Amino acid sequence: MLNRLPQVFKRKNVEDTPKQLVASQWQLMWWKFRKHHLALISLVIIFALYFISFFAGFFAPKAMDTYYRGYTSAPPMRIHWFDDGRFAPFVYAFDQETDPLTYRRTYTINEEEKIRLGFFVRGDSYLVGLHGIPINPIDKIALELDWHLFGTVDPDQPFYPFGADDVGRDMISRLIYGSQVSLSIGMVSVFLSLILGIFLGGISALMGGWIDNFIQRMIEVIKSIPDIPLWMALATAVPARWDPIYVYFGITVVLSLIGWTGMARVVRGKFVALREEEFIMSAELDGVPRVRLIFKHMIPSFMSHIIASATLAIPGMILGESALSFIGIGLRDPVVSWGVMLNDALNIAAIAKYPWLMLPGVALVITVLAFNFLGDGLRDAADPYH
Amino acid sequence: MLKYILKRLLYVIPTMFIISIVVFITIQLPPGDFVTQMLENMRNQSSGATWSPEFEAAMRQRYGLNEPMHVQYYKWASNILLRGDFGYSFMNDAPAKKLILDRIGMTMVVAFSSFIFTWMVALPIGVLSAVKQYSLADYFFSFIGFIGLATPGFLIALVLMYLAFKYGGVSLSGLFSPEYEGAPWSFGKVIDLMNHLWIPMIILGVGGTAGLIRVMRANLLDELNKPYVEAARAKGLPEWKMLIKYPIRQAMNPFVSTIGWILPALIAGEALVSIVLNLPTTGPVLLNALLQQDMFLAAGFLMLLSFLTIIGSLLSDILLAWLDPRIRYDDV
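Top line first, the protein sequences correspond to chains B and E.
The first sequence begins at -19 in this note's numbering and counts up one residue at a time.
The second sequence begins at 2 in this note's numbering and counts up one residue at a time.
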């Protein structure tokens, strides 16, 4: 370990020692990570996504369940930024016509009626804070606000910058609210599988013998069942009648019941490899207690690898939730997630007429791409001594 | 070699045994059983009529659902093992076996053809990207590859369906034209299948192809830097001949071992894509069976899908051992 160089050496040559030699492990990793531009950009994108999802109410023009009767499946509205040469954003209202024969609705732009838009307007009220967490005192830590970044000046007027769904709710607002579920479910599932993986992988490596053998066989068995059919089978075991919050946790458990296997393999591999390292051997010979050895020496030295693998596991979890909700056995209305929204696009007739229903797919691809690049960057940086 | 194959074959037995237990427990997890589900459906249809507990008990008796779980498991497992009987599909009032085999057969056709597609596309592109590293083509395929890795099959299926409908005016769903749907197998039906098969083949293949291109590129780049390549060049071997004779063959080894994970991914992805495209494969029936708690049908599907993946990884291990003798000496 370079950060445990003898004190004398550090102090004496501090001027002419290359900074790489005295830098800490995390410092070295950061320098290496910084060179990976795509990963850096992805990190910024991911931060932005989580930021928007935390303040969803502020960034969404409307509440997620606000609908307007005359605007079911309305197409996206074009925003006009200038009116008579002055900056005054507005959209034209739509007139709805129903074909008497086919009942198909068509929308025409009503040039008479302008819906005024503005930044920092007041509209539907929303909560910001920890209200989503179902534990009694914690969920009270939330603020009720009604300021929106961008929206209609008159809170009762409709505004559909990316079209409306079949109930007449704003797609972009639902997309932003949906990110709360879609983005958090990836984190929570990976966290759960991380705990299971570190625990079982650790036991497997440290105990050895038949326990090791048993856990390894178990991992092989779970890995050889195709994941999506198994997810489907497990997801149908989560009763649809449950309270949404229980369904949410049910789905995270379903996802992590399979996800832990990958983590456990990484953890076990690292433990086994570390046992051979000299610094662990010398600590052992020094009589460091076993628990201290594990938590003070072994875990910190492979934590970076664990973080990298966890990051690479997140997109799989996000896609898993989306896939399950998409085919209707994951989360369901009134919960909004990207998968739940995509469920509306499951039939060809709907996407042919209303292609904007595929919008959550775009959000999914961007998120998954960003996590993949970030994970790649982290994995490369995880081992700064090579 | 024979010893290695035999050992790997024996290994399948305990694995399948544990899988069968896992599958059976998973299928039993949802609250209630087929009879509760059926009664609820009947109640919904006849607006609130009720059935006596005796009737419910009789139904359970008839389907063998009143027995303890281990007895049910034993009957189910021994029937599959001894008689090849996958139990009874409550939902369809028919033996599950025929349903499962028909659908699994089509799944294999789809998965295998996408597998071939994956290899045929990934191998040359991987070689090209490695040989012409940092060229425009390399960047282009890397970019496409990243997008392909990040886009799940069901989204590609949605987008393709939209494009085909919008610009071609055709519906992409299904594997057969209506006139061949229920027809017995004939030359015309095979041609019709070929005409439909390429869509799911590409949709499923994209993700795997993207992954394989990266594997092939990385492997070949490692090999290209080795001294023997330089030596072969110095001896005046034409570049393409040298490539095919030495580094590509070396780089193929880890590439072959990817069959082990490509096949499960294809089979898993197929389940979703087939629901979107409404293919006559496992996906839609499995989903329905799971929702209706038609347990033997669902369990049979899960068992056979797992069996397929195990056979896939077995084949890839054997192929690898055959290609690279070092592996079998290490392992036996």
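Where a beta carbon is used, it is the ideal one built from N, C-alpha and C, also for glycine.
These numbers come from a predicted model, not from an experiment.
In the DSSP assignment, Arg85/B is bridged to Thr78/B. Within the same chain, and ignoring the five residues on either side of Arg248/B in sequence, the residues whose Cβ sits closer than 7 Å to its Cβ are Gly181, Ser184, Ala185. For the segment 197 to 222 of chain B, the residues whose beta carbon sits under 9 Å from a beta carbon of chain E are, in order, Arg197, Met198, Glu200, Val201, Ile202, Lys203, Ser204, Ile205, Pro206, Asp207, Ile208, Pro209, Leu210, Trp211, Met212, Ala213, Leu214, Ala215, Thr216, Ala217, Val218, Pro219. Looking at the DSSP output, Phe62/B shares a beta bridge with Phe67/B. DSSP places Ser262/B within a helical segment (H, G or I) once states are collapsed to three.
Listed in chain order, the positions of the segment 295 to 307 of chain B with a beta carbon within less than 8 Å of a beta carbon of chain E are Pro295, Leu299, Ser302, Ala303, Phe306, Ile307.
Close to chain E, meaning a Cβ-Cβ distance shorter than 8 Å, are the following residues of the segment 313 to 347 of chain B: Leu322, Ala325, Leu326, Ile328, Ile331, Ala332, Pro335, Met338, Gly341, Leu344, Val345. Distance check between Leu159/E and each of Ile328/B, Lys120/B, Arg102/B places Ile328/B closest, using alpha-carbon atoms only.
Uninterrupted alpha helix (DSSP H) stretches at least 4 residues long and entirely within the segment 121 to 160 of chain B do not occur. Under a criterion of Cβ atoms nearer than 8 Å, the residues of chain E adjacent to Asn352/B are, in order, Phe147, Leu150, Ala151. Around the beta-carbon of Arg149/B, 16 or more other beta-carbon atoms lie within 10 Å, marking it buried. Counting the other CB atoms within 10 Å of its CB gives Pro153/E a total of 16 or more, which places it among the buried residues.
Here the segment 1 to 13 of chain B makes no contact with the segment 65 to 74 of chain B; the two share fewer than three CB pairs at distances below 8 Å. The alpha-carbon of Ala131/E is positioned some 8 Å away from that of Met217/E.
Under the Cβ distance rule, Gly106/E does not count among the residues neighbouring chain B, no pair being separated by less than 9 Å. At the C-beta level, Ile105/E and Leu305/E come within 9 Å of one another. Listed along the chain, the chain B residues whose CB falls inside 9 Å of the CB of Gly270/E are Pro206, Ile208.
What Met162/E touches in chain B, judged by beta-carbon distance under 9 Å, is Ile328, Ile331, Ala332, going in chain order. Contact of Gln294/E with chain B is assigned, a C-beta pair being separated by under 9 Å.
Contact of Leu129/E with chain B by beta-carbon distance below 8 Å is absent, the smallest such distance being about 22 Å. Close to Ala299/E, with beta-carbon spacing below 7 Å, are these residues of chain B in chain order: Ala213.
Excluding the 5 residues flanking it on each side, Val230/E has same chain C-beta neighbours closer than 8 Å at Glu224, Met243, Tyr247, Pro248, in chain order. When only Cα atoms are considered, Phe142/B and Ile152/B end up about 6 Å apart. By the Cβ neighbour-count rule, His17/B is exposed, with fewer than 16 other Cβ atoms within 10 Å of its own.
Apart from the 5 residues on each side of it in sequence, Ala95/E has no Cβ closer than 7 Å to any other Cβ in its chain. In this structure, DSSP gives Ala73/B an extended state, which the three-state scheme calls strand.
Not a single CB atom of chain B sits nearer than 9 Å to the CB of Leu82/E.
Using a 10 angstroms sphere on the CB of Tyr83/B, the tally of other CB atoms stays under 16, which defines it as exposed. Between the segment 49 to 61 of chain B and the segment 112 to 122 of chain B there are fewer than three C-beta pairs closer than 8 Å, too few to call the two in contact. Rounded to the nearest angstrom, the gap between the Cα atoms of Leu7/E and Leu156/E is 42 Å. The C-alpha of Leu137/E is placed about 35 Å away from the C-alpha of Val110/E.
With 16 or more other Cβ atoms from the protein chains shown falling within 10 Å of its own Cβ, Gln293/E counts as buried. According to the DSSP secondary-structure assignment, Leu107/B is paired through a beta bridge with Glu124/B. Lys99/E sits away from Gly85/E, with the two beta carbons spaced by 9 Å or more.
Bounds of the alpha helix (DSSP H) holding Tyr74/E are 70 to 79.
For Ser307/E, the C-beta contacts it makes with chain B under 9 Å involve Val201, Ser204, Ile205, Pro206, Pro209, Leu210, in order along the chain.
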